[in-house]
């Protein structure tokens, strides 16, 4: 009986020590294992792509990249469009101003010192502009203003030493200057000004404030950069398209109104400046324009 028990015990030990090929997860047929190994040894190397297949793969990769870029461009376009589709409004004092709107873009910073029925007195913080002289003797001639606008827009959108695209701002200024002239991601306003003895006008784009004095230099020598210092101005708003006759009429009206102001007076030799806040496709009665004259406090 003891011999039988020992035999059974040895049989169990042998069953435990069987080769691993019979363990779960291993092939139960040793010949299959050897055949698989032989197949791997005799397998041919991966087939190289043909030139045609390589070109197809490249085209597909470029198409995928272009799709991603197009999506980003569309997103940026939607954001920029929203700035015009959902404009901002100033505090209105009459029906005309209630209908005016301006794009939701960065603009010149100021604080209101005084507000009357006809005009505001503002203290304007310093800002930088890109400026170009307009051809022709009128400030709002379509051809002249278009040429100046295109030159400044080219600088803003990459024709500069950094090849950098800068943001739009508001407004665009058109203004007269002293007879000696002035030196200098789109911004608004655009400013147009007239050179007193030469009959020339100048247009200016306000530069995004994040650059400060570190603006890239223009590649076009007709564009100049300058800082506009802090100043106090009288501002009268009006709607519609701007013409030279309209500017003369409104400048005269603003000067007349300021004569009776007890706190401020027009600075000697101050010349008119016109700010235009809206893109060309804006309806005339919703456009915001401003006539500006620099003023100073009256001495008591």
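Numbering (full-length UniProt numbering), first residue to last: 1 to 300.
Ideal Cβ positions, reconstructed from N, Cα and C, are used throughout, including at glycine.
Computed from a prediction, not measured in an experiment: that's the story for all the values here.
Count the other CB atoms within 10 Å of the CB of residue 156; is the residue buried (16 or more) or exposed (fewer)? buried
Residues in the same chain with beta-carbon distance under 6 Å from residue 7, minus the five sequence neighbours each way, listed in chain order, please. Because residue 7 carries a pLDDT of 37, less than 50, the predicted location of this residue cannot be relied on, and no value is offered for it.
Would the segment 274 to 284 and the segment 163 to 174 be scored as touching if the rule is three or more Cβ pairs under 8 Å? yes
Can residue 153 and residue 134 be called in contact, C-beta distance under 9 Å? no
Using alpha carbons as the reference points, say which of 75, 241, 104 lies closest to residue 141. 241
Nearest neighbour of residue 239, chosen from 229, 250, 231 [CA to CA]: 250
Rounded C-alpha distance that separates residue 167 from residue 286: 23 Å
Does the Cβ of residue 139 have 16 or more other Cβ atoms within 10 Å, making it buried, or fewer, making it exposed? buried
Helix, strand or coil: how does DSSP classify residue 171 here? coil
State the Cα-Cα distance for the pair residue 255 and residue 271, rounded to the nearest angstrom. 11 Å
Are residue 124 and residue 247 touching if we call contact CB-CB under 9 Å? no
Assign residue 120 to one of two classes, buried (16 or more other C-beta atoms within 10 Å of its C-beta) or exposed (fewer than that). buried
Assigned exposure category for residue 50 - 16 Cβ within 10 Å defines buried: exposed
Taking only three categories from DSSP, how would you classify residue 58? helix
Rank 245, 263, 295 by C-alpha distance to the C-alpha of residue 269 and give the top, closest one. 295
Can you grab the Cα-Cα spacing for the pair residue 112 / residue 233, in whole Å? 10 Å
Residues in the same chain with beta-carbon distance under 8 Å from residue 90, minus the five sequence neighbours each way, listed in chain order, please. 97, 100, 102, 237, 288
Return the CA-CA distance between residue 176 and residue 108, expressed in angstroms with no decimal places. 19 Å
By DSSP, does residue 286 sit in helix, in strand, or in coil? helix
I need the boundaries of the alpha helix (DSSP H) containing residue 151, first residue and last residue. 142 to 156
Can you give me the C-alpha to C-alpha distance between residue 263 and residue 299, rounded to a whole angstrom? 8 Å
Just the C-alpha distance for residue 266 and residue 260, rounded to the nearest angstrom, thanks. 11 Å
Please report how far the alpha carbon of residue 117 lies from the alpha carbon of residue 93, in whole angstroms. 7 Å
May I have the straight-line CA-CA distance separating residue 151 from residue 292, to the nearest angstrom? 24 Å
Range of the contiguous alpha helix (DSSP H) that encloses residue 99: 95 to 99
CA nearest to the CA of residue 129, picked from 203, 52, 59, 163: 203
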